[in-house]
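> The sequence shown maps to residues 732 to 800 in our numbering.
So that we are looking at the same thing, I have put the structure below in structure tokens.
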Amino acid sequence: MPYTLNSTVREILADERAKAIIEKHMPGATSHPQLSEAMYMTLREVAMYPESGLTPQKLQAILDDLAKL
């Protein structure tokens, strides 16, 4: 399954390889106390929140790595 900006956090974290990519770029994100609130949000939606720390560059790096799966 190709991952895009429209993939949900839940879909991404269900794949251990994709989960590792998220951890690589955002250490601690997969164990964040508020993670459950974002599970049905897309990457695009999560990136709209400044507190996510997802800069355009970081988001693109994640998408580039996810595309290799």
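In this text, a Cβ means the ideal position worked out from N, Cα and C, and glycines have one as well.
Using the Cα positions of Thr-739 and Ala-760, report the straight-line distance between them to the nearest angstrom.
Roughly 14 Å separates the two Cα atoms.
> Taking a contact to mean a Cβ-Cβ separation below 7 Å, would you say Leu-797 touches Ala-749 in this structure?
In contact: Leu-797 and Ala-749 (Cβ atoms closer than 7 Å).
> Hey, could you find the ends of the alpha helix (DSSP H) His-763 is sitting in?
No alpha helix (DSSP H) holds His-763; DSSP gives it neither H nor E.
> Rounded to whole angstroms, what's the CA-CA distance from Pro-733 to Leu-800? Just pull it up for me.
Approximately 8 Å between the Cα atoms of the pair.
> Comparing alpha-carbon positions, which option in His-756, Glu-747, Thr-735 lies nearest Gln-788?
For the residues His-756, Glu-747, Thr-735, the minimum Cα distance to Gln-788 belongs to His-756.
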